[in-house]
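Structure, as structure tokens:
There are 2 protein chains.
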Amino acid sequence: MADPLRVWAPRARQVDLQLADERLSMRPAGGGWFEAPGPLAAGTDYRFRLDRAEPLPDPRSPWQPEGPQGPSRTLDHAAFPWSDGRWPGLRLADAVIYELHVGTFSPTGTFAGVVGGIDHLLQLGVTAVELMPVNEFSGRRNWGYDGVDLYAPHHAYGGPDGLKALVDALHGRGLAAILDVVYNHLGPIGNYLDRYGPYFTDRYRTPWGSAVNLDGPDSDEVRAFFIDNALMWLRDYHLDGVRLDAVHAIVDTSATHFLEELRARVAALEREDGRRRVVIAESDLNDPRLVREASIGGFGLDAQWSDDFHHALHALLTGERTGYYQDFGRLEDLARAFRQGYVFDGRYSAFRRRRHGRSPAGLPASCFCGYLQNHDQVGNRADGSRISSLIGADRVKIGAALVLTAPFIPVLFMGEEWGASTPFPFFTDHQDPEVAKAARRGRLAELASGGWDPAAAPDPQDPATFARARLRWEELDLPPHSEVLRWYRALIHLRHRIPALRDGRFDQVEVRYDEDAGWLTLRRGPVFLACNLGDREHRLQAPSGTMVLACGGAEVESGRLVLPPDALALFA
Amino acid sequence: MADPLRVWAPRARQVDLQLADERLSMRPAGGGWFEAPGPLAAGTDYRFRLDRAEPLPDPRSPWQPEGPQGPSRTLDHAAFPWSDGRWPGLRLADAVIYELHVGTFSPTGTFAGVVGGIDHLLQLGVTAVELMPVNEFSGRRNWGYDGVDLYAPHHAYGGPDGLKALVDALHGRGLAAILDVVYNHLGPIGNYLDRYGPYFTDRYRTPWGSAVNLDGPDSDEVRAFFIDNALMWLRDYHLDGVRLDAVHAIVDTSATHFLEELRARVAALEREDGRRRVVIAESDLNDPRLVREASIGGFGLDAQWSDDFHHALHALLTGERTGYYQDFGRLEDLARAFRQGYVFDGRYSAFRRRRHGRSPAGLPASCFCGYLQNHDQVGNRADGSRISSLIGADRVKIGAALVLTAPFIPVLFMGEEWGASTPFPFFTDHQDPEVAKAARRGRLAELASGGWDPAAAPDPQDPATFARARLRWEELDLPPHSEVLRWYRALIHLRHRIPALRDGRFDQVEVRYDEDAGWLTLRRGPVFLACNLGDREHRLQAPSGTMVLACGGAEVESGRLVLPPDALALFA
């Protein structure tokens, strides 16, 4: 038996429940909440009318079958026939995460399309899928960070049942599912939250619009709105974790930070149902507080993305120094990332024009996610080009090897594993020409400030821009893609086979390098990796063990390991 | 030998040093700094010209002999003949702090005038003077929170030498000196900082104007500007501590918060010169992080003002429920403050319309300052009336006794000790009619939002408003003031005599009360206090010890302590 609909509308004097052919008066239920007179059958379309104004979708709508502007539809979460009762849960320390965008991963661009890729993911060896945001957004094409209707999986992706079927299928095949959620702002179209209550504040600004009101008057219910959202995904959709977008834009001066409260509530859910969950942050703060335990003043999050590691690696591999890459480019930076996660631990950043970060001393490496690319690092380039289109195949292989032998939790971005030829440019389908224009303008300004040439950026609104981003699965078995894929598979399977590669202790990482010569070696237990990013051959004493992977012409010659430029050898 | 003048002006291409009859070109010294060609003699007037615009005072001007709009003047801090070499420093745990406003404390309204009050302070028994902000402000009359020229003691108060002479005199008589500093915004007139560099940001808002840029581009030098300011007061003016105004309006999302960095730099100074300092925060956050040690994620501040304790006490004594007092009024609130400092430890606040604060478990009571009144609690009432004009003398005595036997660091507001008849209304002397008008408008709106009747507020710009605030020392020896003064002296001397009253451990505080009957008892070691805030007589078993203080007709009758309404008895 479903509960009656409830909605928080603290400014409204009257709230009506608008059905297809009926309007019901909702009764005030205290604290700004209004409650419908009785439950509705699952699958009923409805809207709310505040003080006789135009009917609006439910802020907590579980389903928007016609998109953000259409009616909300009731949903009975308990009705889904889950089959994942034996799913043991995600073990983050052992994870290899695969980030994907539902709309471009498969030919259909749906949740069901992702199910079709599970065989590939299993062969690749990843253990968790991380979905870019799937909640409703305006139009048919969007990365997902301009979303609204935070509780409603996008109707064109397959809606609530499609997402549940995907998670169930992943679990059934032994894969975990993590969802990217955006709690720092809402998209520009279909966001009716401010009609309902003080969800936003002008006390703080975000680069993308009004900041969320997490510490002003009536903020308890705003915090609950976002926290309940995370709990819904983890409970009703069986997701194994959430990845929080850009937490540096979540400003909260409360004594208990929103992120700490969120993690504590997730912990309570874990205790309640006995299943592990992870909360991972994308953070531009280099602040260890995020992942420290609450008992020592931390927020207790499980991990954070390490852009420092990415930037150090990317700048070395590509030689790029534009935008934030100007702070990187030395082997020393990469070594520092291997040794402590952050490159910026309080040092001056020329890009930021200030000191940045603080010492992460005491943090394990397993609370950082490492990647050679992700949707941002690919997509926030003017043309959305992947690293495989910027550098030679051997350098890509070196990058992949360093990510997959690093002490961090590796994250791959869909298609990376075969050096996909498809770019991942920024695309939108805003259903309002003014918003589309403003978004394009903002995009170009952002590119310019990041050091990119805005002229190289395709039109985000052009359907062709989206179409180009769609993965071409037919590449998979063709050279050179098939060769790249073999490399990734080998590395991932090595990581699973050798526990030392999943050892999350920084003090077990041995890294050596020669800045001028350009070589770097990494030892992790029985594994030894040597690579040459310089422009001259490098020779060193051959390590013990078997050379299990090599590229760029690396070979052992009478007890010496010979590394031509762009060569790598991995011994185990 | 003085160093050449330096100024940070990262946006300027050219900076000139403008002297009375000479203009010298300053040379770029890196990082946006410019340096004069050579040192100037102490006492030389100067200004800086950025890119040939109008000459401006030095942001770090040590002396503005003609106020914020006039020239800056060089100063040799080493030239002052200090005589406080044997000053042992402030021991906060034993302190009784006396907050005063230089302009209205004495007939002259100067630093020298404060020196004239030292005998009184010593007889009273306080151990530290806390000066409301003394840096330059526009006009002759200001509380000090609209200040500019953060490095320059107000010329009309007596300038740098006047302040040094005051601190030296205080130390010579065994009194510590704490200075109130405002790092959350600057005043509206004479603030040229934004001409020099990005001192401010629009990423955050404060109620009083632009927020300080503590985490954006070029913020390192902005942070240094404020931190160096605190260090200057503590080093060059021999101050024993700073009280940081409204730190809740200091927004900083850096991995190392400004306040943590500030306290760490003060600690370095303490190590350097072997003298203790204190950093006390006014905070509206109820966040234990402020005073926790840095090793467990805190900022390491020494203490914070406890508005919760004040509000609980004030609401009980006066029966007021307007504005923030609506959250208080029960003995339970006061007892909670006695037991843990915060009343709001995560509970819902009707005034704030959200949950507020978090558990202070583990914090000692000695990191809270307690007070019956302070400049804000008096002055932010429409008419600036002291509590002694709101309630009867016995209730005032009860309030004073609870503050001075509490486990917190007691703070008195000047004149409180004799129930001064003078109010302390908000006053200004803005030298710009537009600013004056805007300030008055803002003031009235603030009063209205706080539940006060704006019509009761005198004109802040009217010199008579200021004049009314000036203490009338002639009251001191007249009843009923002399009687109040005796009460305060007795309580303070008791506090000094009995170590248990200075015991900063919450678990050594025993508090009992009957909400309905209105009585409350407090035991602290050998001291027992009982008071009756109800409207009926209360009798309890007489405690052991001698009744050393009593008011309101409290007496012991055949083994029973009889407490009429508004009576208090203190046994030791």
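Top to bottom, those sequences are chains F and U. First residue of the first sequence? That's 357 in our numbering, and the numbers climb one at a time after it. First residue of the second sequence? That's 357 in our numbering, and the numbers climb one at a time after it. Using N, Cα and C, we set each Cβ at its ideal position, and we do this for glycine too. Since this is a predicted model, take the numbers as computed values, not measurements.
Short CB-CB distance (under 8 Å) between U:L885 and chain F:
Taking the first residue of the second sequence as 1, we reach residue 885 of chain U at position 529. No - not a single Cβ of chain F is within 8 Å of the one on U:L885.
Run of the alpha helix (DSSP H) containing F:N888, from where it starts to where it stops:
In the first sequence, the residue the question calls residue 888 of chain F occupies position 532. First-last for F:N888: 883 to 888, but that is the beta strand (DSSP E), not the alpha helix (DSSP H).
Cα separation between F:L669 and F:G755?
On the first sequence, position 313 is the one that residue 669 of chain F refers to. On the first sequence, position 399 is the one that residue 755 of chain F refers to. Taking the straight line from one Cα to the other gives about 7 Å.
Select from U:V622, U:G387, U:T609 the residue whose C-alpha is nearest the C-alpha of U:F582.
The sequence position of residue 582 of chain U within the second sequence is 226, counting from 1. For U:F582, the nearest C-alpha among the options comes from U:V622.
Quick one: residues in its chain with C-beta nearer than 8 Å to the C-beta of U:C551, no 5 flanking neighbours on either side, listed in chain order?
Within the second sequence, the letter at position 195 stands for residue 551 of chain U. The question names Cys, yet the displayed sequence has Arg at residue 551 of chain U. Correct list, in chain order: L406, A409, L412.
I believe U:V607 touches F:T609 by the beta-carbon criterion, under 8 Å. Please report the beta-carbon distance rounded to the nearest angstrom.
Here residue 607 of chain U is taken as the residue at index 251 of the second sequence, counted from 1. Here residue 609 of chain F is taken as the residue at index 253 of the first sequence, counted from 1. Sure, about 6 Å apart at Cβ, within 8 Å.
Can you check whether the C-beta of U:M357 is within less than 8 Å of a C-beta belonging to chain F?
Position 1 of the second sequence, counted from the start, is the residue given in the question as residue 357 of chain U. The pLDDT assigned to U:M357 is 48, lower than 50, so where the model puts this residue is not dependable; a value taken from the coordinates is nonetheless given after this. Chain F, which has no Cβ nearer than 8 Å to the Cβ of U:M357, makes this no.
Taking 7 Å as the cut-off, is the beta-carbon of U:R633 closer than that to any non-hydrogen atom of the ligand NAP?
Annotation note on the ligand NAP: not contained in the displayed structure, which lists no ligands.
If we cut at 8 Å on Cβ distances, does F:V607 have a partner in chain U?
Numbered from 1 along the first sequence, position 251 holds the residue referred to as residue 607 of chain F. So yes, F:V607 belongs to the interface.
If we ignore side chains and look at the alpha-carbon of each, how far apart do F:G890 and F:G874 end up?
Stepping through the first sequence from its first residue, residue 890 of chain F is reached at position 534. Stepping through the first sequence from its first residue, residue 874 of chain F is reached at position 518. Rounded to whole angstroms, F:G890 to F:G874 spans 4 Å at the Cα level.
Any chance the segment 787 to 802 of chain F sits against the segment 760 to 776 of chain F, with 3 or more Cβ pairs inside 8 Å?
no
I want to verify the contact list: residues of chain F whose CB lies under 9 Å from the CB of U:H604, in sequence order.
As a working mapping, residue 604 of chain U is identified with position 248 in the second sequence. By Cβ distance, chain F contributes T609.
Work out the CA separation of F:P415 and F:Y548 for me, nearest whole Å.
Along the first sequence, read from residue 1 onward, the residue named residue 548 of chain F stands at position 192. Along the first sequence, read from residue 1 onward, the residue named residue 415 of chain F stands at position 59. Answer to the nearest angstrom: the Cα atoms are 7 Å apart.
Opening and closing residue of the beta strand (DSSP E) in which U:H894 lies:
By 1-based counting over the second sequence, the position of residue 894 of chain U is 538. From DSSP, the beta strand (DSSP E) with U:H894 extends over 894 to 897.
Within the continuous alpha helix (DSSP H) that includes F:Q374, where are the two ends?
The count along the first sequence starts at 1 and reaches residue 374 of chain F at position 18. Unbroken run through F:Q374 is the beta strand (DSSP E), 371 to 374; no alpha helix (DSSP H).
Could you name the residues of chain F that U:R708 contacts, counting a contact when the two beta carbons are closer than 8 Å?
Looking up residue 708 of chain U in the second sequence gives position 352. Simply P573.
Closer than 7 Å at the beta carbon, the chain U residues around F:L641:
Position 285 of the first sequence holds residue 641 of chain F. What F:L641 touches in chain U: T609, A611.
I want to verify the contact list: residues of chain U whose CB lies under 9 Å from the CB of F:D576, in sequence order.
In the first sequence, the residue the question calls residue 576 of chain F occupies position 220. By Cβ distance, chain U contributes Y704, R709, R710, R711.
Within 8 Å of any Cβ in chain U, is that where the Cβ of F:D558 sits?
As a first step, residue 558 of chain F is located in the first sequence; it is residue number 202 there, counting from the start. Output row for F:D558: interface = yes.
For U:I652, which residues in chain F fall below 7 Å Cβ to Cβ?
Position 296 of the second sequence holds residue 652 of chain U. By Cβ distance, chain F contributes I652, G653.
From U:F655, U:G473, U:H667, U:W443, pick the residue whose C-alpha is nearest to that of U:G697; which is it?
Counted from its first residue, the second sequence places residue 697 of chain U at position 341. Looking at the Cα atoms, U:H667 is the closest of the given residues.
Determine the closest residue to F:G740 out of F:Q729, F:D750, F:A749, with distance taken between C-alpha atoms.
The residue labelled residue 740 of chain F in the question sits at position 384 within the first sequence. Among F:Q729, F:D750, F:A749, the Cα nearest to that of F:G740 is on F:Q729.
Look at U:S575 and U:H541 and say whether their C-beta atoms are less than 8 Å apart.
For the purposes of this step, residue 575 of chain U is taken as the residue at position 219 of the second sequence. For the purposes of this step, residue 541 of chain U is taken as the residue at position 185 of the second sequence. Cβ distance not < 8 Å, so U:S575 and U:H541 don't count as in contact.
C-alpha gap between U:G807 and U:Y680, whole angstroms
Translated into positions along the second sequence, residue 807 of chain U becomes position 451. Translated into positions along the second sequence, residue 680 of chain U becomes position 324. Each residue's alpha carbon lies about 9 Å from the other.
Cβ contact check for the segment 698 to 708 of chain F and the segment 734 to 752 of chain F: 3 or more pairs under 8 Å
no
Rounded to whole angstroms, what is the Cα-Cα separation between F:D724 and U:F769?
Numbered from 1 along the first sequence, position 368 holds the residue referred to as residue 724 of chain F. Numbered from 1 along the second sequence, position 413 holds the residue referred to as residue 769 of chain U. Per the sequence presented here, residue 724 of chain F reads as Phe, with Asp not at that position. Cα-Cα distance, rounded: 51 Å.
Counting pairs of Cβ atoms below 8 Å between the segment 387 to 399 of chain F and the segment 456 to 470 of chain F, do you hit three or more?
no
Given this structure, state the Cα-to-Cα distance separating U:T400 from U:G441, to the nearest angstrom.
Counting from 1 along the second sequence, the entry for residue 400 of chain U is found at position 44. Counting from 1 along the second sequence, the entry for residue 441 of chain U is found at position 85. Whole-angstrom Cα-Cα distance: 29 Å.
Along the beta strand (DSSP E) that carries U:A906, what are the first and last residues, could you check?
Within the second sequence, residue 906 of chain U is the residue found at index 550, counting from 1. Taken as a continuous stretch (DSSP letters only), the beta strand (DSSP E) holding U:A906 covers 903 to 907.
Does U:L600 come out as helix, strand or coil in the three-state DSSP assignment?
On the second sequence, residue 600 of chain U is found 244 positions in, with the first residue counted as 1. Residue state, collapsed to three classes: strand.
Cross-strand partners of U:W389 (DSSP beta bridge)
Walking along the second sequence from the start, residue 389 of chain U turns up at place 33. DSSP lists U:W364, U:G386 as partners of U:W389.
One question on the structure: do U:V840 and U:A906 come within less than 8 Å of each other, judged by their Cβ atoms?
One-based indexing of the second sequence puts residue 840 of chain U at position 484. One-based indexing of the second sequence puts residue 906 of chain U at position 550. No.
How far does the beta strand (DSSP E) with U:L878 in it reach, from first residue to last?
Translated into positions along the second sequence, residue 878 of chain U becomes position 522. Start and end: 875 to 880.
Less than 8 Å between CB atoms is the rule here; does U:R645 satisfy it with respect to chain F?
By 1-based counting over the second sequence, the position of residue 645 of chain U is 289. True, the Cβ-Cβ gap to chain F drops below 8 Å.
Please report the distance separating the alpha-carbon of U:D505 from that of F:L448.
Along the second sequence, read from residue 1 onward, the residue named residue 505 of chain U stands at position 149. Along the first sequence, read from residue 1 onward, the residue named residue 448 of chain F stands at position 92. Taking the straight line joining both Cα atoms gives about 53 Å.
Listed by chain order, chain U residues near F:R714 by CB distance under 9 Å
Working through the first sequence from its first residue, we reach residue 714 of chain F at position 358. Correct list: S610, A611, T612.
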